[in-house]
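Chains as they are written, first to last, in the numbering used here: chain V, 90 to 325; chain U, 14 to 507. Note that beta-carbon positions come from the ideal geometry of N, C-alpha and C, so glycine has one too. These notes are about the structure you will find just below.
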Amino acid sequence: MITATNLSKLYNGTKVLDIEHLDIPSGQNFGLVGNNGAGKTTFFSLLLDLIQPTTGNIFSKDITVSESEDWKPFTSSFIDESFLIGYLTPEEYFYFIGELRNRNRADIDVFLTQFEDLFNGEIIGRKKYLRDLSKGNQKKVGIVAALIGDPEVVILDEPFANLDPSTQIRLKKLLKELSQISGTTVLISSHDLSHVTEVCERIVVLDKGVIVRDMETSEATLTELEEYFSAEIAEG
Amino acid sequence: MFRKFLWLEWKSFLRSASFGKSLGLKILMAFLALYFSIMFLSLGIALFPLLKELYPERDPVRIVNSFALVYLLFELIFRFMLQTLPVMDIKPLMVLPILRKKVVNFVLIKSLFSYYNLLPLLLIVPFGLYCILQEGYSAKGMTGWMIAMYASTLCINYLNFIIKKRFTENLKALLPVVAIGLILALLDYLKIFEITNYFGEVLNYLIQNPYLAIAPIVILILLFVWNYYNLKGKFYLDSGLKGKSKAVNTREFGWTRKFGSIAPFLQQDIKLIWRNKRPKTTIYMSLILLGYGLLFYPNETYQGMPAFFVFVGIFITGIFMINFGQFVPSWDSSYYQMMMAQNIPMKQYLASKLGLITFSVVVLFILSTPYVYFGWDILVLNLACALYNMGVNAPLLIFAGSFNKKAIDLDKSPFMNYQGTGASQWLVGLPLLLIPIFLFWIINKFINYEIAIGFLAFMGVLGLILRPHFLSFLAQRYRSRKYVMIQGFKQKGD
């Protein structure tokens, strides 16, 4: 589904990302882990063609993302609040995204009913602009909007941050179902090792832009990850 | 503690995102400041002899006093529009062990060191000194006068903050105040209740009894204290610092659906304009400037110069186009990343912007049809100008927009706000106006008036026919500028 080859990104001569080869098969729940500055957001931004790679390319379904716009119809994402339009109400925002993905209002209304628990009555019908919602609620809107229109690839940067515990649990369930039932390729990044091991089938650890671990999730993964990150502290 | 605050201010000034980038703008501002300083200073020096020459039988100081209230009123109006309370970013300071009192005092005292408070000084002091040194007025009296006048302008400084705090959220509440002001002005004009004269008399009396200058100083202190408590009370997250959120209007603008594939974007843009302060002001500006023609059409001076009417025609049918179009795509800066990652072909995005601009030109042209009163040729000329705007100027503006990479804060008022303005914005206005004027002028001179008008209209229609090609080119251009724009829009701050 997604292939990165020779991918690197330089800022003022510092390499912030350097991936020789990475292949993410279709339908995989893919997790990206790493400390701040490891290159997670850079990788996602490259994947969405928001920044230009210094070398190499990313192919999404054999489409070179930096050269064609054809990956947009099947890819959706939520990176941060700059993906929200502050002066719209949540409903309007959902309808707008729906229209971009060929879903009419009725479709969206049906689609939104499954998130009633998640929204907890704080989002729909409150007559508030997105910019006036709390950070957590903004995040919920962004994540749900990224699921509109059955995308084949969903990219979420730090989806668990700022969310309350019940929402985190609901979101984990949702993300697992997404790849199992509809075969969606889900890419997430997280600082929370237990969340990411619970959700993802495969976890890649980045350190200073380089892939240092690439593992299939198993019982032992969480301990392994914890050991890896505590080892860094011991060394330092 | 004050030194620490000043240090913070200085850092925020030096390290703001656009520092150094907009050097041209800074030079322009400095030039304007210098210009106004010199104007005020020369007026301050020359006011006495000037008044003496104009009204030899009256005492210039008394004339000045009788206009003092009007002057102060104008100062208030200007300050209201231009000056804002220099609220530091106090949010991060709230949890630090700094006395609330100190922060508030700093903010208020800092406002005294504003350019707006320097200007009246340049007017008042030279005038006072001239009276004492050249005309032999009592030094004591005039010193009292100077102190009183300057204290009054500082009162205006603080009064403005109070008015701003009270009314910026709710401009309608300002109406009674404006109404009272207008009634007083009317009564004064009809000589029923001459408040300006009474105020002048008070000032005359003050010159006789200079110790009365203490009165405005007391008022000044009271206003300071009022402001102090006002601000101190707002030093909580939920009152002053966090924006109010009230129930919002969710108008749907359903009629935009008729526009097919660009409909969602069009709807988006209309919401953008309707719900945010800065773009909303562009609409009011367009409607006000629609009256521009009244200055030119009846005026004898311009009758022999039809090229001038081309300027007016382009201007009134295209004013929204110029105001809105020059900031495409900066209007979408706060969520530009999303727009670029979403399922939106660049061409459609730009087509909707062009669509909105075209629509505005049509509306403004229809609104300008009453100018037919000044002759049918004006109407025909405006039609040609509108066509030219739609066909040629609109794509040209969108092209200029591709040089934009500065973010816009949608909620800031546009008055004296140069946010998002770069050199290209200053330059782009010229070709939009000058090219059609030049084309018209040259054809009108060597062939005739009808062909000149026809040519403008023809250019416009040609542009409309070629629009799909323009769009492909523009989409190409925007795609290649995409990364620079995203990078630029991420940098907030003035």
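Residue i vs residue j beta-carbon contact at 9 Å
{"i": "ASN457(U)", "j": "GLY238(V)", "result": "no"}
{"i": "LEU244(U)", "j": "ILE176(U)", "result": "no"}
{"i": "LEU111(V)", "j": "ILE499(U)", "result": "no"}
{"i": "PRO273(V)", "j": "GLY116(V)", "result": "Reading the sequence as shown, one finds Thr at residue 273(V) and not Pro. In contact: THR273(V) and GLY116(V) (Cβ atoms closer than 9 Å)."}
{"i": "GLY145(V)", "j": "LEU96(V)", "result": "yes"}
{"i": "SER343(U)", "j": "ASP282(U)", "result": "no"}
{"i": "ASN395(U)", "j": "GLY473(U)", "result": "no"}
{"i": "ILE370(U)", "j": "MET318(U)", "result": "no"}
{"i": "LEU200(U)", "j": "ILE208(U)", "result": "yes"}
{"i": "TRP454(U)", "j": "VAL323(U)", "result": "yes"}
{"i": "GLY120(V)", "j": "VAL288(V)", "result": "yes"}
{"i": "PHE2(U)", "j": "GLY338(U)", "result": "No answer is possible for residue 2(U): the residues shown for chain U start at 14 and end at 507."}
{"i": "LEU400(U)", "j": "ALA320(U)", "result": "no"}
{"i": "ILE329(U)", "j": "LEU285(U)", "result": "no"}
{"i": "ALA235(V)", "j": "LEU245(V)", "result": "yes"}
{"i": "LEU135(V)", "j": "ILE147(V)", "result": "yes"}
{"i": "GLY331(U)", "j": "LEU300(U)", "result": "no"}
{"i": "ASN170(U)", "j": "LEU125(U)", "result": "yes"}
{"i": "GLU150(V)", "j": "GLU241(V)", "result": "Residue 150(V) is actually Lys in this sequence, not Glu. For LYS150(V) and GLU241(V), yes; Cβs fall inside 9 Å."}
Burial state of residue i, where buried means 16 or more other Cβ atoms lie within 10 Å
{"i": "GLU305(V)", "result": "exposed"}
{"i": "GLN141(V)", "result": "exposed"}
{"i": "ASN118(V)", "result": "buried"}
{"i": "ARG192(V)", "result": "buried"}
{"i": "GLU181(V)", "result": "buried"}
{"i": "LEU487(U)", "result": "buried"}
{"i": "ILE227(U)", "result": "exposed"}
{"i": "PHE87(U)", "result": "exposed"}
{"i": "ASN312(U)", "result": "exposed"}
Contact with chain V by residue i, beta-carbon distance below 9 Å
{"i": "TYR491(U)", "result": "no"}
{"i": "ALA399(U)", "result": "no"}
{"i": "TYR496(U)", "result": "yes"}
{"i": "SER347(U)", "result": "yes"}
{"i": "LYS271(U)", "result": "no"}
{"i": "ALA364(U)", "result": "no"}
{"i": "ILE499(U)", "result": "yes"}
{"i": "LEU423(U)", "result": "yes"}
{"i": "MET429(U)", "result": "Confidence is the limiting factor: at MET429(U) the pLDDT is only 47, short of 50, which leaves the residue's position unreliable, though a coordinate-based value still follows. No - not a single Cβ of chain V is within 9 Å of the one on MET429(U)."}
{"i": "ALA354(U)", "result": "yes"}
{"i": "ILE357(U)", "result": "yes"}
{"i": "PRO481(U)", "result": "no"}
{"i": "PRO277(U)", "result": "yes"}
{"i": "LEU21(U)", "result": "no"}
{"i": "LYS284(U)", "result": "yes"}
{"i": "ARG288(U)", "result": "yes"}
{"i": "GLN508(U)", "result": "Here chain U comprises residues numbered 14 to 507, so residue 508(U) is not present and cannot be evaluated."}
Neighbourhood of residue i by C-beta, 7 Å cutoff - its chain only, sequence neighbours within 5 removed
{"i": "GLN227(V)", "result": "GLU170, LEU173 and LEU219"}
{"i": "GLY175(V)", "result": "TYR218, LEU219 and ARG220"}
{"i": "LYS178(U)", "result": "ASN243"}
{"i": "THR295(U)", "result": "PHE333, ASN336 and PHE337"}
{"i": "LEU363(U)", "result": "ILE411, LEU484, LEU487, ALA488 and TYR491"}
{"i": "ILE466(U)", "result": "VAL393, LEU394 and ALA397"}
Chain U contact for residue i (CB, 9 Å cutoff)
{"i": "GLN227(V)", "result": "no"}
{"i": "LYS161(V)", "result": "yes"}
{"i": "THR164(V)", "result": "yes"}
{"i": "SER149(V)", "result": "no"}
{"i": "GLU188(V)", "result": "yes"}
{"i": "GLY238(V)", "result": "yes"}
{"i": "ILE197(V)", "result": "no"}
{"i": "SER115(V)", "result": "no"}
{"i": "GLN257(V)", "result": "no"}
{"i": "ASP246(V)", "result": "no"}
{"i": "SER271(V)", "result": "no"}
{"i": "LEU121(V)", "result": "no"}
Contacting residues, own chain, Cβ-Cβ under 6 Å from residue i (five flanking each side not counted)
{"i": "ILE232(U)", "result": "CYS168"}
{"i": "LEU64(U)", "result": "PRO73 and ILE76"}
{"i": "TYR491(U)", "result": "MET359 and SER415"}
{"i": "PRO139(U)", "result": "GLY57 and ILE58"}
{"i": "ASN251(V)", "result": "LYS224, GLY225 and LYS228"}
Nonlocal neighbours in the same chain, by C-beta distance under 8 Å from residue i, ignoring five residues either side
{"i": "LEU82(U)", "result": "ILE208, THR209, PHE212 and GLY213"}
beta-carbon residue i near the ligand NAD non-hydrogen atom, thresh 8 Å
{"i": "PHE174(U)", "result": "Absent from the structure shown: the ligand NAD. Ligands present: none."}
**Asked** Okay, do the region 206-216 of chain U and the region 147-156 of chain U touch, 3+ Cβ pairs below 8 Å being the bar?
**Response** no
**Prompt:** Would you say the region 305-322 of chain V touches the region 278-294 of chain V, given that touching needs at least three Cβ pairs under 8 Å?
**Reply:** yes
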